[in-house]
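In what follows, a structure is listed as structure tokens, so that the remarks can point back to it.
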Amino acid sequence: MDITERKRKERQLIVHTVVSLAIFAAGWLFLPILTEKILLGVVLVLIAGALYFSNNTGRYVCKRVLLALLTVFIISAITFFAMNAIPGGPFSKEKAPSAAVQAVLEERFHLNEPVGKQFILYLEGLMQGNFGVSTKTGREISTTIFDSFSISAQLGGYAALLAVVLGVLFGSIAALNRAKAADRIIIFFTTLFVAVPSFIMATLLLLVFCLQLNWFPIFSADNQSYVLPVVALMLSPMSYITRLTKTSMLDVLGQDYIRTARAKGVSQWLVIFKHALRNALIPVITYVGPMTAYILTGSMVVESVFTTGGLGTKFVQGITNRDYPMIMGTTIFLATLMVTATLLSDLVYKLVDPRIDFD
Amino acid sequence: MSEMPLLQVKNLHTSFFTDAGEVKAVNGISYNLDAGKVLGIVGESGSGKSVSAYSIMRILTDTGRVTGGEVLFKGENILNYTPQQMQKFRGSRISIIFQDPMTCLNPTFSIGSQLREAIRIHTDRNKEQIQARAVEMLQLVGVNEPERRLRQYPHELSGGMRQRVMIAMALACEPDILIADEPTTALDVTIQAQILELMQSLQKKLGMAIIMITHDLGVIADMCDEIIVMYGGKVCERGTADEIFYNPRHEYTKGLIRSIPRISEKHEKLVPIAGSPVDLLNLPKGCAFAARCDHAMKICLEQPPEEIRVNDFHIAACWNNVRRMMEDGQLEVKDGEEV
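Protein sequences, first through last, are from chains A and B.
Here the first sequence stands for residues 179 to 537, numbered as in the numbering used here.
Here the second sequence stands for residues 4 to 342, numbered as in the numbering used here.
Okay, here's the thing in structure tokens:
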């Protein structure tokens, strides 16, 4: 009884998942350019379905993807209505254009419609991969996001990579030299870097290394030096990972299975970097996913201090300009990135720790 | 010198250097172990029985250090080995299994990966041979469906199964000595019996020597050729199993035997040993057990007892034993000794 009931429910769920995924994929991919995207959509649905039937992990991924879509939808809805609820609009400025011009502009951006209708129109556009155009510059939002994200991704990619590699390395060194000089020095600096806010750190770096020491040029179009912005972005998360790794490493090194490994005759090096590190990294992974998303999307402050530009800057500019399509575009993009990173880190979690069961 | 013992422990001292001071866990123990024999080490928590074993394997924690003595394996002092020599030695010549199989296997690696690692470190077999050896070892320790088990992770196995895997891992390279540090303490009673039986049958089959560490005299009664009773990091009494059980000479041993439940004597209450273990930070001047001993004499508090030979199979370090033997005329009173 129980089993058949469960099976029926499961089958129902499967059908629902596949259908909704199919609809979504269809809506998203069909309309603008048919041929290639249909293919891609079919592949997507097939992958989802195949994953779904095979095992718990597949099922879990499907559920999480659906939930992620829902999350992004809710975030965009809240953003849309909240930004419309604030008095004023993109075209209410000190020097207001004439009534006729204003009417044309509002017509063009559907601002004369009721807010609910505007939202539906926006979603319709979104389904076709159309983020709209900026009310400020008239450029395609998707192009702007793509351009500014490539800067953020480059900066953030280096920063995230360095933060993880150095953080794990320093954390392990600190744990292995507990209460010795190396540990004390590492913990002193990491505490400092966690405590100092990034805008102060960025300013300090700029002041010391650009203006005083002249080691790095000030960032400009012809002289794109990414070193300082990367360092400024990286220091705080690196310090956090260092401390996390140290704590967790110390905990793991005291475990019985480490003694077992030593008793088997495993070399000290392998004990630490194979048997201990894998276990010590489990808590670190939870942090790394969202951290990477956060760094990738660009810290507005660091971008402004070093004038590198990037997604964070565009996001803030969008808000100050009341550039509705820009706000929506960046919000949805950032939300998607964050949700994806969290999902990925949860999946990596499973890879590292076989005890995790996704059901 | 033809009959050199396999393992000779001579006057071994081990201390832990903590913030509170030097914790003297092992204070001069000596024993010999012949090839293929089973030696039992009995004592309560903190008596130094596990620490003495870890000292031999040199797997003490960072704060622990061997402060004196020798450990001779086939005549070579392994305390002088370099870390690299020691790595080759551990797991191949002497192996160890631990108390809690639930926490002694790495949760993030499969059984197979951990077992194969033990084999790979000490042999130059190729991949297929290693796999075959792993399967063979699991069969030997009575694990069913070995191929499937090798792919599983520790959390998918029961406690008894995990201890069997630990034993397989320890014996994979055919060591001369297997140290079993309370191998059954964390297991169910029924599983305990199975594991002990398994160890006995493996001992007969493979012929390695076993050092069986336990706090439970009952566990090792019919398994051991020789038994050492430890208290406060010292040997109280050492002898064949029969001598220890039927002719105990140390008051602590007598207490331990009184605290074993017996099926035959139904309504007898078990007699615990009163008091708590000795403080290893501040060892007393005299006998470590004196404070808890019902028969403590003046000399017990002032002078540590020496190990006295009771007979060819029995050594005891207890002033009461000395007195008894003197009364029986087996020992002569030395000058200046007052009892």
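Quick reminder that beta carbons are idealized off the backbone N, C-alpha and C, glycines included.
Being a predicted model, the structure only gives us computed values, none of them experimental.
Can you look up residue i in the DSSP assignment and give me helix, strand or coil?
i	result
C107 of chain B	helix
G71 of chain B	strand
I497 of chain A	helix
V250 of chain A	helix
T195 of chain A	helix
M202 of chain B	helix
Q11 of chain B	strand
E6 of chain B	coil
C239 of chain B	strand
A263 of chain A	helix
T17 of chain B	strand
T257 of chain A	helix
T213 of chain A	Because T213 of chain A carries a pLDDT of 46, less than 50, the predicted location of this residue cannot be relied on, and the following value inherits that uncertainty. In this structure, T213 of chain A counts as helix in the three-state DSSP scheme.
A224 of chain B	coil
R533 of chain A	coil
S279 of chain B	coil
V274 of chain B	coil
R242 of chain A	helix
In the DSSP assignment, the beta strand (DSSP E) including residue i goes from what residue to what residue?
i	result
C303 of chain B	Premise fails: C303 of chain B lies in the alpha helix (DSSP H), K301 to E305, not in any beta strand (DSSP E).
Y34 of chain B	G24 to L36
T187 of chain B	Note, T187 of chain B: premise wrong, no beta strand (DSSP E); not H, not E.
G78 of chain B	It is not in any beta strand (DSSP E) - G78 of chain B carries neither H nor E in the DSSP assignment.
G43 of chain B	V41 to V45
V232 of chain B	E229 to Y234
M215 of chain B	A212 to T217
R1 of chain B	Residue 1 of chain B lies beyond the residue range present for chain B, which begins at 4 and ends at 342; the question has no answer from this structure.
H317 of chain B	H317 to A319
Buried or exposed: where does residue i fall if 16 or more other Cβ atoms within 10 Å of its Cβ makes it buried?
i	result
T213 of chain A	Reliability of the predicted coordinates at T213 of chain A is poor, the pLDDT of 46 falling under 50, and no value is obtained from them.
G258 of chain B	buried
W393 of chain A	exposed
G235 of chain B	buried
G24 of chain B	exposed
L217 of chain A	Confidence in L217 of chain A is poor, its pLDDT being 49 and thus under 50, which makes the residue's placement unreliable; the coordinate value appears in the next sentence. L217 of chain A is exposed by the Cβ-count criterion.
K207 of chain B	exposed
P307 of chain B	buried
E481 of chain A	buried
Between which two residues does the alpha helix (DSSP H) harbouring residue i extend?
i	result
T256 of chain B	E254 to R261
G349 of chain A	I319 to L354
S376 of chain A	S376 to L383
T368 of chain A	A359 to A373
T520 of chain A	Y502 to V530
R326 of chain B	W322 to E330
L289 of chain A	Neither: L289 of chain A is in no alpha helix (DSSP H) and is coded neither H nor E.
A56 of chain B	K52 to M60
A244 of chain B	A244 to Y249
Q102 of chain B	Neither: Q102 of chain B is in no alpha helix (DSSP H) and is coded neither H nor E.
F411 of chain B	Residue 411 of chain B lies beyond the residue range present for chain B, which begins at 4 and ends at 342; the question has no answer from this structure.
*Unbroken alpha helix (DSSP H) runs of length 4 or more, entirely within the region 416-491 of chain A: which are they?*
Runs of the alpha helix (DSSP H) inside the region 416-491 of chain A: 434-442, 455-474 and 478-483.
*asked:* Give the list of continuous beta strand (DSSP E) stretches no shorter than 3 residues that lie fully inside the region 120-198 of chain B.
replied: Within the region 120-198 of chain B, the complete beta strand (DSSP E) runs of at least 3 residues are 180-184.
*Going along the region 27-48 of chain B in order, which residues come within less than 7 Å of chain A, judged by CB to CB distance?*
Under the 7 Å Cβ criterion, the region 27-48 of chain B contributes no residue.
*Anything in the region 102-118 of chain B with a Cβ closer than 7 Å to a Cβ of chain A? List those residues in chain order, please.*
Per Cβ criterion, the list reads D103, T106, C107, L108, N109, P110 and T111.
_Residues of the region 433-450 of chain A in Cβ contact with chain B at a cutoff of 9 Å, in chain order, please._
Contact residues of the region 433-450 of chain A toward chain B are Q433, D434, Y435, I436, R437, T438, A439, R440, A441, K442, G443, V444, S445, Q446 and L448 (C-beta to C-beta distance below 9 Å).
*chain A contacts made by the region 120-132 of chain B, where a contact means CB separation under 9 Å*: Against chain A - using a Cβ distance shorter than 9 Å - the residues of the region 120-132 of chain B are E120, A121, I124 and H125.
*Going along the chain, which residues of the region 69-91 of chain B sit with their C-beta nearer than 9 Å to a C-beta in chain A?*
Within the region 69-91 of chain B, the qualifying residues are P86, Q87, M89, Q90 and K91.
_Residues in the region 148-172 of chain B having any Cβ partner in chain A nearer than 7 Å_ = Those would be Y156, H158 and M172, in chain order.
_Residues in the region 347-361 of chain A having any Cβ partner in chain B nearer than 7 Å_ = Those would be none; no residue qualifies.
*Closer than 8 Å, Cβ to Cβ, to anything on chain B: give me those residues from the region 508-530 of chain A, in chain order.*
Listed by position, the residues of the region 508-530 of chain A near chain B (Cβ gap below 8 Å) are V530.
_Please list, in chain order, the residues of the region 453-472 of chain A that have any C-beta partner in chain B closer than 7 Å._
Result list: H453, R456 and N457.
*chain A contacts from the region 55-70 of chain B (Cβ-Cβ distance under 7 Å)*: So the close ones are M60 and I62.
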